[in-house]
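Participant: Next up is a structure, given as structure tokens.
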Amino acid sequence: MDDQTLQKYLRNELPEQQLAEVLDWLDASAENQRRLDRLDFLSNLGILYGPTAGESILRPRPMSRWRRTLRWSAGFAAGLLLCIAGSWLLTERAIDRRSQQFMAITAPSGQSMSVTLSDGTRVWLNAGSRLEYPTIFSERKRRVKISGEAMFEVTHDADRPFVVETFACEAEVLGTKFNLLADTAKRRFSAALLEGRLKIRNLQQEDECLILAPDEEVSLVDGHLRLEKISDPDDFRWVDGLMNLNGLTFAQVIEKLERYYGVRIETDLPTGVSQRRYHGKIRVSYGIDHALDLLQMMTSDFTYEHDNETNTIYVKTRI
Numbered sequence: 237m238d239d240q241t242l243q244k245y246l247r248n249e250l251p252e253q254q255l256a257e258v259l260d261w262l263d264a265s266a267e268n269q270r271r272l273d274r275l276d277f278l279s280n281l282g283i284l285y286g287p288t289a290g291e292s293i294l295r296p297r298p299m300s301r302w303r304r305t306l307r308w309s310a311g312f313a314a315g316l317l318l319c320i321a322g323s324w325l326l327t328e329r330a331i332d333r334r335s336q337q338f339m340a341i342t343a344p345s346g347q348s349m350s351v352t353l354s355d356g357t358r359v360w361l362n363a364g365s366r367l368e369y370p371t372i373f374s375e376r377k378r379r380v381k382i383s384g385e386a387m388f389e390v391t392h393d394a395d396r397p398f399v400v401e402t403f404a405c406e407a408e409v410l411g412t413k414f415n416l417l418a419d420t421a422k423r424r425f426s427a428a429l430l431e432g433r434l435k436i437r438n439l440q441q442e443d444e445c446l447i448l449a450p451d452e453e454v455s456l457v458d459g460h461l462r463l464e465k466i467s468d469p470d471d472f473r474w475v476d477g478l479m480n481l482n483g484l485t486f487a488q489v490i491e492k493l494e495r496y497y498g499v500r501i502e503t504d505l506p507t508g509v510s511q512r513r514y515h516g517k518i519r520v521s522y523g524i525d526h527a528l529d530l531l532q533m534m535t536s537d538f539t540y541e542h543d544n545e546t547n548t549i550y551v552k553t554r555i
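This is the structure we're talking about:
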């Protein structure tokens with residue numbers, strides 16, 4: 237990875253493709269991250285000190301050896317202290333600057349993906365979901381933003397709480413594994429805790445806050461938080477590329493297909509078909525047509541047409 241590309245990365249000037257290449261390079265080894273940090277430090281050093289002041293035209297008077305040694309020692313000590321203070325200041329400024337530079341990554345339709353953040357936290361993004369995160373976390377708090385569905389495995393750091401911000405609620409953790417769904421378009425929010433402890437704060441009702449224990453989930457109903465036990469752990473198998481259908485109606489399955497594959501599905505079915513419940517799992521990577529074919533195998537009550545130009549699927553009752 238050349239220095240010019242890394243400089244553009246530090247200035248947040250890279251196109252999306254090159255940005256992904258740099259992120260993969262940073263994830264490859266800790267030495268790569270140290271190289272980027274050194275480059276960032278040197279850049280800030282040049283900005284802070286700039287060109288040196290002009291030299292004095294007066295020639296210094298000769299000094300004795302012991303006076304020169306004393307003057308040199310004092311100057312060295314002062315310079316060393318200046319360098320230490322400058323390094324500390326530059327590091328603080330660099331961390332603050334980079335903690336305010338948010339990057340964004342979106343999982344492609346029909347695919348899930350994972351990303352490892354600068355603190356070691358791992359995030360899985362479901363299809364079509366978007367994560368916003370700083371290039372490096374601040375010294376006080378780790379904060380990210382999510383739209384869609386994501387699974388978090390947070391690295392423990394008692395001094396820096398990890399906060400996930402969504403359109404409806406904030407989730408705050410110290411070290412935990414949890415699933416979070418924040419569907420802005422449908423105004424739907426839910427969080428399920430698998431390990432650790434999780435604090436959910438309702439942004440619409442600021443005095444409303446819940447702390448989850450493992451195997452509990454919370455959802456937003458009529459603007460308020462509702463706590464209950466996790467009904468089906470297989471709902472979170474999407475990180476393995478599987479869509480869980482257990483107990484879902486046809487209408488609910490269609491809604492999931494739209495979210496996973498980023499398509500629009502129009503249905504014209506009688507109530508008896510739309511309320512039929514399904515069981516089993518679908519491999520998401522096989523595609524939307526494969527998923528609909530499987531549903532047809534489970535019930536022969538419908539046909540469908542896929543308009544690739546408009547990315548719309550029309551589902552109708554079989555005649």
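Throughout, this note's numbering is defined as the position within the sequence shown, counted from one, plus 236. Where a beta carbon is used, it is the ideal one built from N, C-alpha and C, also for glycine.
In the DSSP assignment, the beta strand (DSSP E) including Gly384 goes from what residue to what residue?
Facilitator: Element bounds for Gly384: Arg378 to Glu389.
Participant: Go through its chain and collect everything with a Cβ distance to Lys381's Cβ below 7 Å, but skip five positions before and after it.
Facilitator: Taken in chain order, the residues that qualify are Glu368 and Glu401.
Participant: Could you check the C-alpha separation between Thr241 and Asp419 for me, to the nearest Å?
Facilitator: Straight-line Cα distance between these residues: approximately 35 Å.
Participant: Let me know the secondary structure DSSP gives Asp419 once reduced to three states.
Facilitator: If DSSP states are grouped into helix, strand and coil, Asp419 belongs with the strands.
Participant: For Leu434, which residues of its own chain have a beta-carbon under 8 Å away from its beta-carbon, when the five flanking residues on both sides are left out?
Facilitator: Cβ within range, chain order: Ala407, Glu408, Val409, Thr412, Phe414, Ala427, Ile447 and Leu448.
Participant: Asp263 to Thr342, Cα distance in whole Å?
Facilitator: Taking the straight line joining both Cα atoms gives about 17 Å.
Participant: What is the rounded straight-line gap between the Cα of Asp393 and the Cα of Thr553?
Facilitator: Near 55 Å, if we compare the C-alpha coordinates of Thr553 and Asp393.
Participant: Answer yes or no: does any C-beta atom of chain B fall closer than 7 Å to that of Ile447?
Facilitator: Absent from the structure is chain B; it holds one protein chain and no more.
Participant: In the DSSP assignment, find the alpha helix (DSSP H) that holds Leu434 and state where it starts and stops.
Facilitator: No alpha helix (DSSP H) contains Leu434, which is instead part of the beta strand (DSSP E) from Leu434 to Asn438.
Participant: Ignoring anything shorter than 3 residues, give me the beta strand (DSSP E) runs that lie fully in the segment 493-532, in order along the chain.
Facilitator: Whole beta strand (DSSP E) segments, 3+ residues: 500-504 and 517-519.
Participant: Using alpha carbons as the reference points, say which of Gln511, Met237 and Arg274 lies closest to Leu259.
Facilitator: Checked all of Gln511, Met237 and Arg274; the closest Cα to Leu259 is Met237.
Participant: Have a look at the DSSP bridge pairing and note the partners of Ile549.
Facilitator: Ile501 and His542, per the DSSP bridge assignment.
Participant: Is DSSP giving Leu461 helix, strand or coil here?
Facilitator: Strand, per DSSP.
Participant: Output needed for Tyr550: all residues of its chain with C-beta closer than 6 Å, excluding positions within five of it in sequence on either side, in chain order.
Facilitator: So the qualifying residues of the chain are Glu502 and Glu541.
Participant: In three-state terms, what does DSSP make of Glu452?
Facilitator: Correct three-state label for Glu452: strand.
Participant: Bridge partners of Phe338, per DSSP?
Facilitator: Phe338 pairs with Pro370.
Participant: Any contact between the segment 460-470 and the segment 497-513? By contact I mean 3 or more CB pairs, one from each, below 8 Å.
Facilitator: The answer is no - the segment 497-513 does not touch the segment 460-470, with fewer than three Cβ pairs under 8 Å.
Participant: By DSSP, does Met534 sit in helix, in strand, or in coil?
Facilitator: Met534 falls in the helix class under three-state DSSP.
Participant: Between Arg423 and Asp458, what straight-line distance do the alpha-carbon atoms span, to the nearest angstrom?
Facilitator: Taking the straight line from one Cα to the other gives about 10 Å.
Participant: Quick check: the Cα distance between Val489 and Gln440, rounded to an integer number of angstroms?
Facilitator: Each residue's alpha carbon lies about 29 Å from the other.
Participant: Counting only the same chain and skipping the five closest in sequence on each side, list residues whose C-beta sits under 7 Å from that of Met349.
Facilitator: Only Ala343 and Leu361 meet the Cβ criterion.
Participant: With DSSP as the reference, label Glu401 as helix, strand or coil.
Facilitator: Three-state DSSP puts Glu401 in a strand.
Participant: For the beta strand (DSSP E) that Leu430 lies in, which residues bound it at each end?
Facilitator: That run of the beta strand (DSSP E) goes Arg424 to Glu431.
Participant: Quick check: Ser354 and Ala386, are their CB atoms within less than 7 Å of each other?
Facilitator: No. Outside cutoff.
Participant: If I follow the unbroken beta strand (DSSP E) through Leu410, where does it start and stop?
Facilitator: Segment: none, Leu410 is in no beta strand (DSSP E) and carries neither H nor E.
Participant: To which residues of the same chain is Ala487 closer than 6 Å at the C-beta, ignoring the five residues directly before and after it?
Facilitator: Hits under 6 Å: Ser510.
Participant: Identify the continuous beta strand (DSSP E) that holds Thr241 and give its terminal residues.
Facilitator: That residue, Thr241, is in no beta strand (DSSP E); its alpha helix (DSSP H) goes Asp239 to Leu246.
Participant: Pick out whichever of Val390, Ser455, Glu249 and Arg274 has its Cα sitting closest to the Cα of Met339.
Facilitator: For Met339, the nearest C-alpha among the options comes from Glu249.
Participant: With H, G and I counted as helix, E and B as strand and the rest as coil, what does DSSP make of Leu361?
Facilitator: Leu361 falls in the strand class under three-state DSSP.
Participant: Please check the pair Thr548 and Arg500, which I expect to be a contact at CB under 8 Å, by giving their CB distance rounded to whole angstroms.
Facilitator: The pair is a contact, with the Cβ atoms about 5 Å apart (cut-off 8 Å).
Participant: Mind checking whether Ser345 and Gly498 have CB atoms under 7 Å apart?
Facilitator: Yes, these two residues count as a Cβ contact at 7 Å.
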